[in-house]
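These notes are about the structure you will find just below.
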Amino acid sequence: MNDRLTTIRQEILDGIEQHAGTRASAFELRKQFLDSKTGKIGQLMKEMKSIAPEERAGFGKSVNELKEWAQQKFVELDEKLKARELERRYESEKIDVTMPEKGTETGNLHPITQMRNQLIDVFSGMGFEVYEGTEIETDYYNFTALNTPKDHPARDMQDTFYLSPEFLLRTQTSAGQIHVMESKKPPIKILSPGKVFRSDDDATHSPMFTQMEGLVVDKKITLCDLKGMLDMFVRKIYGEGTTTRLRPSYFPFTEPSVEVDVSCFECGGRGCKLCKGTGWIEILGAGIVNRKVLANCGIDPDEYSGLAFGIGIERTAMLKYGINNIKLLFESDLRVLRQINDN
Ligand code: PHE
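Those letters in the sequence shown? Residues 1269 to 1611, per this note's numbering, in order.
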């Protein structure tokens, strides 16, 4: 009998030596000996009955000792394997912090978005708030309330996409002026960026483009306020040395109306290709809000006056970044877009 115990003991030692490389195989091995039903040591216990009564106590004690010894062995084995597995995992998960990083590509904002953000930055610094209107407008807001009734010749200045006799794609962010003045009492100081649409298509015109409307309504607003704000705008966008000049123009919703030029930031005013030798570049339309427009919105023109300007964002960006064809801003060619990263 003792021989059998010695054999089992040796089998366990050999098994551990040869077949227990992982915790899973160690578990299987343990089962062969220590499983309560099928294990070899359990089987020995069952043989108790066939042992002569005087040997039973001694036999039971030996089997129990073997069982305890085996249990202890497998606990030690499991701990050893656990530690080894952990070590292997640490080894395989080790990172080399001296490895050079894999390059990551970062994108940048679209030039129109960059320009829009820069303009909002400049004007919000002067106290303007942003109001975003809608791209579909009624004829009333886009034209009539802006002192451009039906059959007014100024409607021909802008080829309109009509959706129905009443609805259209706005041709100008000026439509937002009316919404703001209808819903807010002066003082008003808003900036309204957004897409506008005109049936117009060549190297410098696109049927969809972006404008930034500015509107200030308060007591005693004059062209001087307009010039001061626009001077600040061109200095921030085109450089400290630049200034503006106002020329008489016509818009139905401003009186007087002006065309605004910026001094050429390329040649400093001496005359070059960009300014066509004149030293000045036309950048936007503006003016003093027509009294009729204020009255249309329920604002007393004897008490208040206003200024308005409309900046073409593509044009501003094209001049600033030296882009000669507006299509480059709409074609999403990464070779073009990657070159313009101002913020
Ligand atoms: N809405 C005019 C245009 O699109 C620009 C403008 C805005 C002119 C505000 C005067 C005042 O041409």
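Just so it is clear, CB atoms sit at the ideal spot from N, CA and C, and this is done for glycine as well.
Per DSSP, cross-strand counterpart(s) of Ala1576
Residue pairing by DSSP places Ala1576 opposite Leu1483, Gly1555 in a beta bridge.
DSSP three-state call for Ser1460: helix, strand or coil?
Note: Ser1460 maps to strand in three-state DSSP.
heavy atom of the ligand PHE below 6 Å from Phe1519 C-beta:
yes
Local conformation of Thr1478 per DSSP, three classes
strand
Of all the alpha helix (DSSP H) runs that stay within the bounds of the segment 1298-1327, which reach a length of 4 or more residues?
1308-1314
Beta-carbon of Glu1523 versus every beta-carbon of chain C: anything under 7 Å?
Protein chain content of the structure displayed is limited to a single chain, and chain C is not contained in it.
Residue range of the beta strand (DSSP E) that Phe1519 falls in?
1512-1519
Opposite Val1398 in the DSSP bridges: which residues?
Leu1459
Please find out if some non-hydrogen atom of the ligand PHE comes closer than 6 Å to the beta-carbon of Gly1462.
no
Any heavy atom of the ligand PHE closer than 6 Å to the beta-carbon of Thr1472?
Every heavy atom of the ligand PHE is 6 Å or more from the Cβ of Thr1472, so no.
Keeping to the same chain, check which residues put their C-beta closer than 8 Å to that of Trp1337; ignore five residues upstream and five downstream.
Arg1277
Label Ala1294 either buried or exposed according to how many other C-beta atoms from any shown protein chain fall within 10 Å of its C-beta, with 16 as the threshold for buried.
Ala1294 should be labelled buried.
Using 8 Å for Cβ pairs, my map puts Gly1553 next to Ser1525. What's the rounded Cβ distance?
7 Å
Classification of Glu1405 by the beta-carbon crowding that lies within 10 angstroms, buried from 16 upward:
buried
Please look up how many angstroms separate the CB atoms of Thr1439 and Arg1466, rounded, as I've assumed it's under 8 Å.
5 Å
Quick check on the DSSP output: the alpha helix (DSSP H) that includes Ile1388 runs from which residue to which?
1379-1392
Glu1285 to Arg1272, Cα distance in whole Å?
20 Å
Check each candidate in Asp1493, Thr1478, Gln1479 and name the one with the smallest Cα separation from Lys1457.
Asp1493
May I ask which residues mark the beginning and end of the beta strand (DSSP E) holding Val1604?
Per DSSP, Val1604 lies in no beta strand (DSSP E) segment; the continuous alpha helix (DSSP H) that holds it begins and ends at 1602-1605.
For the ligand PHE, any of its heavy atoms closer than 6 Å to the Cβ of Gly1553?
Correct: Gly1553 has its Cβ closer than 6 Å to the ligand PHE.
What is the residue span of the beta strand (DSSP E) that Asp1570 lies within?
First-last for Asp1570: undefined, no H or E at that position.
What are the boundary residues of the alpha helix (DSSP H) that includes Leu1491?
Where Leu1491 is concerned, the enclosing alpha helix (DSSP H) stretches over 1491-1506.
Leaving out five residues on either side along the sequence, give the residues of the same chain with a beta carbon under 8 Å from the beta carbon of Ser1392.
Val1398, Leu1459
Could you spell out where the alpha helix (DSSP H) holding Asp1529 opens and where it closes?
DSSP places Asp1529 outside any alpha helix (DSSP H); the residue lies instead in the beta strand (DSSP E), whose first and last residues are 1522-1531.
How long is the line joining the alpha carbons of Glu1347 and Leu1302, rounded to whole angstroms?
17 Å
Which two residues bound the contiguous beta strand (DSSP E) that contains Ile1608?
Taken as a continuous stretch (DSSP letters only), Ile1608 belongs to no beta strand (DSSP E), as it is neither H nor E.
The ligand PHE heavy atom lying under 6 Å from the CB of Gly1578
yes
Given a threshold of 16 other Cβ atoms within 10 Å of its Cβ, counted over all protein chains shown, does Asp1419 qualify as buried or as exposed?
exposed
Helix, strand or coil at Asp1271 [DSSP, three-state]
helix
Return yes when the Cβ of Ala1471 is within less than 7 Å of the Cβ of Asn1593, no when it is not.
yes
How far does the alpha helix (DSSP H) with Leu1587 in it extend, from its first residue to its last?
Counted as a single uninterrupted DSSP element, the alpha helix (DSSP H) harbouring Leu1587 occupies residues 1581-1589.
Hey, Thr1441 and Gln1479: beta-carbon distance below 7 Å or not?
Taking a C-beta distance under 7 Å as the contact criterion, Thr1441 and Gln1479 qualify as a contact pair.
Going by alpha carbons, who is nearest to Ser1474 out of Thr1381, Glu1582, Gly1307?
Glu1582
Whole angstroms is fine: what's the gap from Ile1579's alpha carbon to Ile1505's?
12 Å
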